[in-house]
Amino acid sequence: MTTYVFFIGGTGARVLRSLTMLLASGVSIGENNKLVPIVIDYDAENGDLKLSKDLLANYVKLHNYAKYENNERGFFGANIDMQDYSMVNIKVDSDRNTFARYIDYQSLDQETRKFLDTLYDNSPIQVPTTELNLDLEVGFKGNPNIGSVVFNDYFRQEEYGYDDFEAGFPTNNEGSRVFIVGSIFGGTGSSGLPQLVKKFRSSNSLSLKAAPIGTCVVLPYFNVTPDANSAINSETFNSKAKAALAYYNEEINEMVNEIYYIGCDSLNVPYGNVQGGGEQKNDAHLVELLSAMSVVEFATRSFDPNSSDYGKTKCYEYTTTTGIDEKDNKTVLKPISYLDLLGTSMKNDLSENNIYTKYVRHMNAFAYFNKYSQSYTFAGKDAPGFMGIGGQTYYKQLNKWGGLSKDSSFGRDLLDFLEAYEVWANQMAENSQLKFHPYSFDKKELDHLLNIEDTTTKIKGIENTMQLALSQANEKYSKQIVEGQEGGVFLRIGTEAGLAAADKKDK
């Protein structure tokens with residue numbers, strides 16, 4: 002089975018970043034399932050896009066090191082299948098770099114031009130509110146009325162690979178499906194999402210036409226600083242979202258099997274107003290993580306065409322509320338912990354909590370693995386952790402060919418990813434819009450890694466638990482250690498040790 006996921010625009014790229022982190026932690030997308038990402042943007046230099054592309058490429062390398070078999074699960078376990086059409090940068094030719102040039106405005110008759118002037122702002126290019134003269138080279142800047150026209154290039158031009166996607170869509174009724182992620186308060190996502198749904202439902206491929214389709218509709222979850230010289234104005238985000246929702250309700254909703262509405266109902270300190278390019282790098286946000294979870298939910302959902310409710314659209318709403326604390330006579334953001342997401346306490350049985358078993362348990366395991374690896378793995382012979390004194394036996398076995406050194410390909414790739422993961426987690430913890438703070442990577446001891454407000458359930462002895470699990474896992478996998486496969490064994494051992502730490506209860 003294949004789950005094709007379209008990530009549209011800047012929000013799509015940021016959700017892809019969070020999804021990559023989830024899958025790295027061992028979150029499953031289901032047995033015999035692979036995920037094919039298709040990332041679409043008009044801004045090739047977008048900083049968020051570049052970050053996600055680099056991260057995804059690193060993930061694929063680490064997955065290939067692991068060589069998991071027979072639905073074996075572990076860190077970097079999900080199969081992300083990159084295709085030639087996975088990264089789509091829709092180019093705007095220099096002679097068509099404004100909307101007016103794109104539609105060849107000057108060649109139209111006078112009556113048509115007058116009609117367009119009533120629909121679109123025809124101010125000069127330097128005026129932020131202009132529409133006909135909007136520079137398209139870095140996207141649509143919150144103008145879906147323009148994007149919906151230009152987006153059709155994706156379907157028309159062979160180089161972007163839509164025909165290859167459509168022709169390659171599985172025909173054996175194996176449960177393959179399509180999911181689309183995009184925001185509806187900007188330009189690229191709100192214009193691309195409905196275009197894609199309509200195209201799929203009118204496809205020449207009968208299997209694609211009948212396939213389960215889901216959408217993650219990301220509602221406003223941040224704002225930007227006012228800038229009189231910018232075409233982006235967050236005061237219009239809500240009105241654009243409402244207009245898009247009304248349109249989707251009339252034209253799109255009944256065409257899809259599932260819709261996930263995800264947003265934030267409290268917008269606080271704004272991001273910088275950047276219209277595109279390399280400087281557009283928003284900090285990671287909890288809404289993006291929740292949106293990434295919607296991809297997993299859809300990928301693992303069972304769709305039975307013979308069931309009575311198969312043709313009925315199911316809607317799921319997720320909103321995040323910013324906690325407010327009063328401190329020193331000032332109103333400050335209260336960080337959200339993962340316990341807030343669970344809606345329960347660590348002292349309760351979490352075995353039936355879907356969010357815990359499906360996501361948080363694996364995230365905790367990877368956080369322990371990350372902290373243990375970054376703090377100890379390459380820290381030298383006197384370090385107390387994985388590659389230090391406590392781990393010398395299996396270190397010598399695993400590293401007899403040098404494949405685990407920090408200068409090896411695997412070592413560099415793993416360290417790069419672990420550092421990126423920590424940056425991602427810390428950005429969510431420090432996000433000016435909404436603070437999500439489940440981990441404290443700055444704490445020295447592993448026992449203090451998880452942010453658990455209920456101190457009566459503080460977890461102790463994590464390091465000893467990991468040491469024992471590492472030794473047991475090393476014995477289990479020692480026969481698999483051959484030259485060139487050290488990285489895969491390392492990830493298996495790390496997975497078991499991380500899960501042992503995640504499952505540790507304070508007694």
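In terms of my numbering, the sequence shown opens at residue 2 and continues consecutively.
In this text, a Cβ means the ideal position worked out from N, Cα and C, and glycines have one as well.
What you are looking at is a predicted structure, and each value in this text was computed from that prediction instead of being measured.
Problem - Cβ pair count under 8 Å reaching 3, the segment 2-9 against the segment 27-37 - result: Yes: the two stretches touch, three or more of their Cβ pairs being nearer than 8 Å.
Handout entry: Enclosing alpha helix (DSSP H) for Met2 [first to last residue]
Key = Note, Met2: premise wrong, no alpha helix (DSSP H); not H, not E.
Problem - Best match in Ser108, Leu23, Leu133 for proximity to Thr119 [C-alpha to C-alpha] - result: For Thr119, the closest C-alpha among the options Ser108, Leu23, Leu133 is that of Leu133.
Exercise for the section: Could you tell me if Val218 is buried or exposed, where buried requires 16 or more neighbouring beta carbons within 10 angstroms of its beta carbon? Expected result: Val218 comes out buried.
Handout entry: Short Cβ contact (9 Å threshold) for Gly488 with Leu415
Key = In this structure, Leu415 lies closer than 9 Å to Gly488 by Cβ.
Exercise for the section: Please report how far the alpha carbon of Asp55 lies from the alpha carbon of Arg18, in whole angstroms. Expected result: C-alpha separation (whole angstroms): 10 Å.
Practice task
Could you tell me which of Glu464, Phe76, Phe186, Cys316 sits nearest to Gly11, measuring between CA atoms?
Solution key: When the alpha-carbon of Gly11 is set against those of Glu464, Phe76, Phe186, Cys316, the nearest one is in Phe186.
Problem - Phe116 versus Arg74: straight-line alpha-carbon distance, rounded - result: Straight-line measurement puts the Cα of Arg74 at about 58 Å from the Cα of Phe116.
Exercise for the section: Could you check what DSSP says for Val288 in three-state terms: helix, strand or coil? Expected result: The answer is helix: DSSP assigns Val288 an H, G or I state.
Exercise for the section: Output the boundary residues of the beta strand (DSSP E) element that contains Arg178. Expected result: Per DSSP, Arg178 belongs to the beta strand (DSSP E) from 178-184.
Handout entry: Alpha carbon of Gly13 to alpha carbon of Ser192, nearest angstrom
Key = Taking the straight line joining both Cα atoms gives about 13 Å.
Exercise for the section: Rounded to whole angstroms, what's the CA-CA distance from Ser204 to Arg114? Just pull it up for me. Expected result: When rounded, the distance between both Cα atoms is 33 Å.
Exercise for the section: Could you give the DSSP three-state label for Pro171: helix, strand or coil? Expected result: Coil at Pro171, not helix or strand.
Problem - Segment contact, 8 Å Cβ cut-off, at least three pairs: the segment 244-254 with the segment 205-215 - result: Under the Cβ criterion (8 Å, minimum of three pairs), the segment 244-254 does not count as touching the segment 205-215.
Practice task
Would you kindly check if the distance between the Cβ of Ser26 and the Cβ of Ala368 is under 9 Å?
Solution key: Yes.
Practice task
Measure the alpha-carbon distance for Ala470 versus Phe411 and round it to whole angstroms.
Solution key: A direct Cα-Cα distance of roughly 22 Å separates Ala470 from Phe411.
Problem - Continuous alpha helix (DSSP H) stretch holding Lys210: start and end - result: Its alpha helix (DSSP H) spans residues 207-211.
Practice task
Could you say which of Phe491, Asn465, Glu464 lies nearest to Lys477 if we only look at CA atoms?
Solution key: Ranked by Cα distance from Lys477, the options Phe491, Asn465, Glu464 are led by Phe491.
Practice task
Just the C-alpha distance for Gln158 and Ser87, rounded to the nearest angstrom, thanks.
Solution key: Each residue's alpha carbon lies about 15 Å from the other.
Exercise for the section: Identify which residue in Gly312, Gly169, Ala293 has its Cα closest to the Cα of Glu259. Expected result: Among Gly312, Gly169, Ala293, the Cα nearest to that of Glu259 is on Gly312.
Exercise for the section: Please confirm whether Leu419 and Asn365 have their CB atoms less than 9 Å apart. Expected result: Against a cut-off of 9 Å, the Cβ pair of Asn365 and Leu419 comes out as no contact.
Handout entry: Best match in Asp284, Glu464, Asp310, Ser295 for proximity to Asn427 [C-alpha to C-alpha]
Key = Taking Asn427 as reference, the option from Asp284, Glu464, Asp310, Ser295 with the minimal CA-CA separation is Asp284.
Handout entry: CB contact check: Phe411 to chain C, cutoff 9 Å
Key = Among the chains in the structure shown there is no chain C, since it carries only a single protein chain.
Practice task
Report the rounded CA-to-CA distance for Phe100 versus Leu135, giving the unit in angstroms.
Solution key: Approximately 6 Å between the Cα atoms of the pair.
Problem - Identity of the residue in Glu252, Asp105, Asp417 nearest Pro195 by Cα - result: Residue Glu252 is the option with its Cα nearest to Pro195.
Practice task
With DSSP as the reference, please indicate the residues paired to Asn80 in a beta bridge.
Solution key: Looking at the DSSP output, Asn80 shares a beta bridge with Lys35.
Exercise for the section: Would you mind giving the Cβ-Cβ distance between Met467 and Tyr373, rounded to the nearest angstrom? I have them listed as a contact below 8 Å. Expected result: Right, their Cβ atoms sit about 6 Å apart.
Handout entry: Straight-line gap, Val182 to Gly190 (C-alpha atoms, nearest Å)
Key = Their Cα atoms are separated by approximately 8 Å.
Problem - Lys200 versus Tyr163: straight-line alpha-carbon distance, rounded - result: Their Cα atoms are separated by approximately 10 Å.
Problem - DSSP state of Tyr222 mapped onto helix, strand, coil - result: Correct three-state label for Tyr222: coil.
Problem - Contact test: Val198 Cβ vs the ligand ATP heavy atom, cutoff 8 Å - result: Among the ligands in the structure shown, none appear at all, so the ligand ATP cannot be discussed.
Exercise for the section: Would you mind reading off the limits of the alpha helix (DSSP H) that contains Val61? Expected result: Segment 48-67, the alpha helix (DSSP H) holding Val61.
Problem - Reduced DSSP secondary structure (H/G/I, E/B, other) of Asn90 - result: In the structure shown, Asn90 sits in a strand (DSSP, three-state: E or B).
Handout entry: Classification of Pro125 by the beta-carbon crowding that lies within 10 angstroms, buried from 16 upward
Key = Counting the other Cβ atoms within 10 Å of the Cβ of Pro125 gives fewer than 16, which makes it exposed.
Problem - Local Cβ density within 10 Å of Asp44, reported as buried at 16 or more and exposed below that - result: Per the 10 Å Cβ criterion, buried.
Exercise for the section: Measure the C-alpha to C-alpha separation of Pro171 and Leu291 and round it to an integer number of angstroms. Expected result: Rounded to whole angstroms, Pro171 to Leu291 spans 28 Å at the Cα level.
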